[in-house]
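Participant: Quick mapping for you: the protein sequence lines, in order, are chains A and B. Those letters in the first sequence? Residues 50 to 296, by the numbering used here. Those letters in the second sequence? Residues 634 to 1258, by the numbering used here. Where a beta carbon is used, it is the ideal one built from N, C-alpha and C, also for glycine. Could you have a look at this structure, given as structure tokens, before my questions?
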Amino acid sequence: MKSLWKNIWSAGLVLLGLLWLGGRGMAAGSDDFSRGSAAYAAGDYGLAVELFAACVTNQSSAGALQNLGNSQWQLGRPAEAIIAWERSRSADPFAAAAENNLRFAREVAQLEAPDLTWCEIAAGWLPATWWAGLACGSFWFAVAFLLLPGVFRWRRSAGQQAAVALGLGIFLLVLPANYGVWTRAQLGFVLVAETPLRFTPTAAAEPVTKLAAGEPGRVVRKRGKYLLIQTRRTQGWVERSAFGQSF
Amino acid sequence: MSSARRSPANCVDSRWRALFFWVGLMVVLTVDRLQAQTPPQPDPLMQLMLTQPSIDVSTNVEVRVVFDPPVIGLGEKSTYRVTINAVSDSIKWPDDIYAPMELTVRPGARGQILQPALDKLKPATTINHHVTAAKAGVFTIPEFRVKVYGRNLTVPAAQLEVLPQADPRAPVGQRLYLELTETNAFCGQPIRVRVLMPSAAGNAIQALTQVQINGDGVLVDQTSVRQRIQALEFQGRSGPVFIYESVITPLVAGRLDLSAQAFTSGNQFAGAITIQGQATIMGGQPQYVLLDSDAVRLNVAPLPRAGLLPGFSGAIGRYEIDPPQLSTNRLRVGDAVKLVVTFRTAGEIKRINAPAPPAVTNWQVFPPEVEGGPLLMATAAGLFSAIKYSYTMIPLTNDMQATPAIPFSYFDPDAKAYRDLTIPAVAVRVAAGVATAEAQAIAQAAAAQTNDQRLKLSGLATGPGVLTTNLKPPQLRGSFWGWQLGPLFGFAALWFWDRRRRFYEQHPEILVRRRARRALRRERSVLTKTAQQGDAVGFARSAVMALRVAGAPHFPALPRALVGRDIIELLELPMREGRPGAAVRQLFAMMDDAQFNLTPGEFGAVLALQPELDRILDQLEERLR
């Protein structure tokens, strides 16, 4: 009995410590966020980028990513801004600001939006993290209602069968969106202006065309320090350092 | 009865009735048939098609093969030309032609022409290949077979003579030359192209028909075609040259290989033509020979994103605008006024898109309209193409002092930069008046829509919003799949546990025996302990208990209900009658004595039974397995 109390006491202490550390991290993130907002308001976009980037590193959030995108845009870095807004939209698709900023940036910089499949469009309806939770939650929910009544000898009922059907139904419905999240992870954006798109993955290769910063592409293959990307019109190799992926 | 009542008058009536019935039926049938025979109204499109001469596909298919020219010098090029009087789609031409290894054969143009012959059109398809030789000699491309209209057709062999040096007296093969005004251009930039055909021997020139610019990713403007025959020095020869001019617009960035092809058509000119200088035009029936040019490479770059100016509508080149003309500069609120703007360029004006009307709230500006068509203007600086656009504007308030400026910009390919050519504001005096309610409503709606549609960079988020531990979606992380093992193992364990439980429910004796074995092991350890301590009573009690525990699973009874005879029954026959049986009897008798006798006997000798007891217990334990 004594050892049980001792264990509970130790666990409580560890939990308190973790809470304190988490709270401290949150406080630091919140501090960076407000300082970043102040720097942005003062026109110091370089400092704002640093602070919002630190904020994202400590505790990533849709708001910090959106503000990071705004700061990058003000510094004339459309590609980095687009990536930040894409991430913000992925974290919180219900916030209209990131979507608006993406449209604005693409209109001003004369850039095209990525060519999305219907699965990828569906994946954008909810935060990317939710789809995985929904898929595994509904799947295990269905499995539980399929297995547990037999194990625990509950009386069979229509409700249990309905629960299984509901779980499996949700699971099947969210599968395409999960696939969309997976394929969306292959999307990326050209970071450096006038990036050559090459025929072969070598520095001496003949360029097919040159891509503008912020131009979307889809990673098809990776080889060494080069990525084979598919743009809306053509396919070619770009250096990894010149291409940033959303995730 | 009825016949008895039938009068002659009735008989006549019924005959007339029958006659009328049959006559009526025949009339109806005849009219119906006549109606059915009425020819349907002719379909005008079908009529038009039927008036066209049919394409002759019934004549025997023939093939002609030539090298043009048949004699070349080393390093020169000849055209291997195959002409088949069949429709192009019906010819299954091989991808590669067998040729001597000294010859390099590259595919060239392919074209079909329909030649009028009596009431039919005779198709002729020509396929060109460009041939060069690696060394001098006489080379033969052997005969081979192709499928035409599903049947085999033999293409005869053809011979090419290659001389070590070009013979200046040898006839020169006719061919086309493609020239571009720009070989490095931008996407959307109009480029003027020229297809030239020098005159043949004797300065005789002929026309070209079905001129095509071959190549992916370009738009050929057929409306800006110009043809002329001009005497000039070309390819080291002086004489008349047939020149076909058009404008192409590259649509994709990259390297584009363009070539030209056309059929010669003798003196049959398609469209208007200008003849400058002296030219001898070939007479007689035209010989439709397919000519083609070498490929010309056009490097196309995308338009730069940087420096884009407002009002850019895709205009590439060099443009100028004349000062805008306003129909009047004294007007009242609600009056319409027309602003005419003239765009000028030395290049192509047809591809210009007028700038969209500006989004202003105090003027209602209608989309521009073309005034007339493209014009050719002569100025001191030279010839210009020009086009006029008019904007209709209605002032909605009387405090306006000028028309709104209309942003316009173009891309200058020479400077590789965007240039601002905003249509300037024109001073006006707007007197008080009343704009119609309709105009005001339209203007307000347009202004509201424009304001809604104009995108702006959003302000900063006031708070962090939705927090995420990791930007990478969980399903892309390896740990996510690791976490899925938790419920998997949990459910699997539950399932195995349930299976095991159900098995034991069906075979409870296994559990009984297992419990008995455990209990026996406990009793045997007590037995050993009591024997070591010399506790004879405790030893006897544990021994009996152990025997009962070990024997109980074989009887539907609790262990304490068993008596010595029950245990002895479980022993093998020799043991029952031997010392082990006696030991069991003795132990149970001792325990009965201890339990029921007020003066129990001596227990000391019981400890000596331990070896026998061990043998018995071993056997009983074995039976429990």
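At 8 Å on the CB atoms, spell out the chain B contacts of Asn116 of chain A, in chain order.
Facilitator: Taking the first residue of the first sequence as 1, we reach residue 116 of chain A at position 67. Simply Leu1093 and Ala1094.
Participant: Looking at chain A, is there any beta carbon in it that lies within less than 9 Å of the beta carbon of Gln909 of chain B?
Facilitator: To locate residue 909 of chain B, count along the second sequence from 1; it is residue 276. Gln909 of chain B does not count as touching chain A.
Participant: Which residues does DSSP pair with Phe1294 of chain B in a beta bridge?
Facilitator: For residue 1294 of chain B there is no data in the structure shown, the boundaries of chain B being 634 and 1258.
Participant: Just to make sure I have the definition right: I need the residues of chain B whose C-beta is within less than 7 Å of the C-beta of Phe153 of chain A. Which are they?
Facilitator: Here residue 153 of chain A is taken as the residue at index 104 of the first sequence, counted from 1. In chain order: Leu1088, Lys1089 and Leu1090.
Participant: Near Met75 of chain A, what residues of its chain come up, given a Cβ to Cβ distance below 7 Å and the 5 sequence neighbours on each side ignored?
Facilitator: Reading the first sequence from its first residue, position 26 is the one you call residue 75 of chain A. The predicted position of Met75 of chain A is uncertain, since its pLDDT is 48 and thus under 50; a value taken from the coordinates is nonetheless stated next. Closer than 7 Å at Cβ, skipping near neighbours: Gln108.
Participant: Determine, for Thr882 of chain B, whether the minimum Cβ-Cβ distance to residues of chain A falls below 9 Å.
Facilitator: As a first step, residue 882 of chain B must be located in the second sequence, where it is residue number 249. Chain A, which has no Cβ nearer than 9 Å to the Cβ of Thr882 of chain B, makes this no.
Participant: Run through chain B and tell me which residues come within less than 8 Å of Tyr89 of chain A, C-beta to C-beta.
Facilitator: Looking up residue 89 of chain A in the first sequence gives position 40. Chain B residues near Tyr89 of chain A: Leu1093.
Participant: Could you give the DSSP three-state label for Asn227 of chain A: helix, strand or coil?
Facilitator: Stepping through the first sequence from its first residue, residue 227 of chain A is reached at position 178. Here Asn227 of chain A sits in helix by DSSP.
Participant: Between Glu1254 of chain B and Glu1205 of chain B, what straight-line distance do the alpha-carbon atoms span, to the nearest angstrom?
Facilitator: For this step, residue 1254 of chain B is matched to residue 621 along the second sequence. For this step, residue 1205 of chain B is matched to residue 572 along the second sequence. Answer to the nearest angstrom: the Cα atoms are 13 Å apart.
Participant: Can at least three beta-carbon pairs, one atom from the segment 856-876 of chain B and one from the segment 902-911 of chain B, be found at a separation below 8 Å?
Facilitator: yes
Participant: Classify Ala111 of chain A as helix, strand or coil using the three-state DSSP reduction.
Facilitator: Here residue 111 of chain A refers to the residue found at position 62 of the first sequence. Ala111 of chain A: helix per DSSP, three-state reduction.
Participant: Could you check what DSSP says for Ile278 of chain A in three-state terms: helix, strand or coil?
Facilitator: For this step, residue 278 of chain A is matched to residue 229 along the first sequence. Note: Ile278 of chain A maps to strand in three-state DSSP.
Participant: Using a Cβ-Cβ cutoff of less than 6 Å, which residues in the same chain neighbour Gly216 of chain A once the five nearest sequence positions on both sides are dropped?
Facilitator: For the purposes of this step, residue 216 of chain A is taken as residue 167 along the first sequence, with counting starting at 1. Here the set comprises Ser187, Phe190 and Ala191.
Participant: Indicate whether the contact test is met: 3 or more Cβ pairs, each with one atom in the segment 834-845 of chain B and one in the segment 889-906 of chain B, closer than 8 Å.
Facilitator: Because the criterion of three Cβ pairs below 8 Å is met, the segment 834-845 of chain B and the segment 889-906 of chain B touch.
Participant: Rounded to a whole number of angstroms, what is the C-alpha to C-alpha distance between Leu1054 of chain B and Met1026 of chain B?
Facilitator: Locating residue 1054 of chain B in the second sequence gives position 421, where the first residue counts as 1. Locating residue 1026 of chain B in the second sequence gives position 393, where the first residue counts as 1. The alpha-carbon atoms of Leu1054 of chain B and Met1026 of chain B are separated by roughly 20 Å.
Participant: I'd like the ranges of any alpha helix (DSSP H) spanning at least 4 consecutive residues and lying wholly in the segment 125-159 of chain A.
Facilitator: 127-140 and 145-157
Participant: At 4 residues or longer, what runs of the alpha helix (DSSP H) sit wholly inside the segment 667-741 of chain B?
Facilitator: 677-684
Participant: Taking contact to mean at least 3 C-beta pairs separated by less than 8 Å, is the segment 1194-1208 of chain B in contact with the segment 1154-1164 of chain B?
Facilitator: Not touching, per the Cβ criterion.
Participant: Where does Phe296 of chain A land, buried or exposed, given buried means 16+ other C-beta within 10 angstroms?
Facilitator: Locating residue 296 of chain A in the first sequence gives position 247, counting from the first residue. So Phe296 of chain A ends up on the buried side.
Participant: Would you be able to state if there are at least three C-beta pairs under 8 Å between the segment 913-922 of chain B and the segment 787-803 of chain B?
Facilitator: Too few Cβ pairs lie closer than 8 Å, so no.
Participant: Starting from the beta carbon of Glu156 of chain A, find every residue of chain B whose beta carbon is closer than 9 Å, and list them in chain order.
Facilitator: Locating residue 156 of chain A in the first sequence gives position 107, counting from the first residue. Those are Leu1088, listed as they occur along chain B.
Participant: Taking the straight line between their C-alpha atoms, what separation do you get for Asn693 of chain B and Ala833 of chain B?
Facilitator: By 1-based counting over the second sequence, the position of residue 693 of chain B is 60. By 1-based counting over the second sequence, the position of residue 833 of chain B is 200. Approximately 32 Å between the Cα atoms of the pair.
Participant: Since Gln1228 of chain B is in the alpha helix (DSSP H), which residue starts that stretch and which ends it?
Facilitator: Residue 1228 of chain B sits at position 595 when you count from the first residue of the second sequence. Gln1228 of chain B -> alpha helix (DSSP H) spans Arg1212 to Phe1229.
Participant: Just to confirm, are Arg983 of chain B and Ser857 of chain B a CB contact at a threshold of 9 Å?
Facilitator: Reading the second sequence from its first residue, position 350 is the one you call residue 983 of chain B. Reading the second sequence from its first residue, position 224 is the one you call residue 857 of chain B. The sequence given here places Lys at residue 983 of chain B; Arg does not occur at that position. Contact: yes.
Participant: Which residues of the segment 762-780 of chain B have a Cβ closer than 7 Å to any Cβ of chain A? Give them in chain order.
Facilitator: none
Participant: Ignoring anything shorter than 4 residues or poking outside the segment 1093-1149 of chain B, list the alpha helix (DSSP H) runs there in chain order.
Facilitator: 1111-1116 and 1118-1139
Participant: Using the three-state DSSP reduction, which class does Tyr94 of chain A fall into: helix, strand or coil?
Facilitator: Sequence index remark: in the first sequence, residue 94 of chain A carries index 45 (1-based). Three-state result, Tyr94 of chain A: helix.
Participant: Give the secondary structure of Asn817 of chain B by DSSP, where H, G and I count as helix, E and B as strand, and everything else as coil.
Facilitator: Translated into the one-based positions of the second sequence, residue 817 of chain B becomes position 184. Asn817 of chain B: strand per DSSP, three-state reduction.
Participant: Anything in chain B within Cβ reach of Ala140 of chain A, meaning under 9 Å, just list it in chain order.
Facilitator: By 1-based counting over the first sequence, the position of residue 140 of chain A is 91. The contacting residues are Gly1098, Val1099, Leu1100, Thr1101 and Leu1104.
Participant: For a contact defined as C-beta to C-beta under 8 Å, what are the partners of Gly887 of chain B on chain A?
Facilitator: Here residue 887 of chain B is taken as the residue at index 254 of the second sequence, counted from 1. The answer, in chain order, is Val257, Thr258 and Thr283.
Participant: Give, in chain order, every residue of the segment 1022-1054 of chain B whose Cβ lies closer than 9 Å to some Cβ of chain A.
Facilitator: If you check each beta-carbon in the segment 1022-1054 of chain B against every beta-carbon of chain A, none falls closer than 9 Å.
Participant: Strictly by DSSP, which residues pair up with Met1026 of chain B?
Facilitator: As a position in the second sequence, residue 1026 of chain B is number 393, starting the count at 1. Note: Met1026 of chain B sits in a beta bridge opposite B:Val970 and B:Val998.
Participant: Just the Cα atoms here: how many angstroms apart are Phe1113 of chain B and Pro1107 of chain B?
Facilitator: Within the second sequence, numbered from 1, the residue matching residue 1113 of chain B stands at position 480. Within the second sequence, numbered from 1, the residue matching residue 1107 of chain B stands at position 474. Rounded to the nearest angstrom, the two C-alpha atoms are 6 Å apart.
Participant: I want to verify the contact list: residues of chain B whose CB lies under 8 Å from the CB of Pro176 of chain A, in sequence order.
Facilitator: Taking the first sequence and counting its residues from 1, one reaches residue 176 of chain A at position 127. By Cβ distance, chain B contributes Val1099 and Thr1101.
Participant: Can you tell me where the alpha helix (DSSP H) holding Leu1250 of chain B begins and where it ends?
Facilitator: Residue mapping note: residue 1250 of chain B aligns to position 617 of the second sequence, counting from 1. Where Leu1250 of chain B is concerned, the enclosing alpha helix (DSSP H) stretches over Gln1243 to Arg1256.
Participant: Between B:Tyr1043, B:Glu866, B:Ile1056 and B:Leu923, which lies nearest to Gln575 of chain B when the distance is taken from Cα to Cα?
Facilitator: The structure shown does not extend to residue 575 of chain B, since chain B spans only 634 to 1258, so no value can be given for it.
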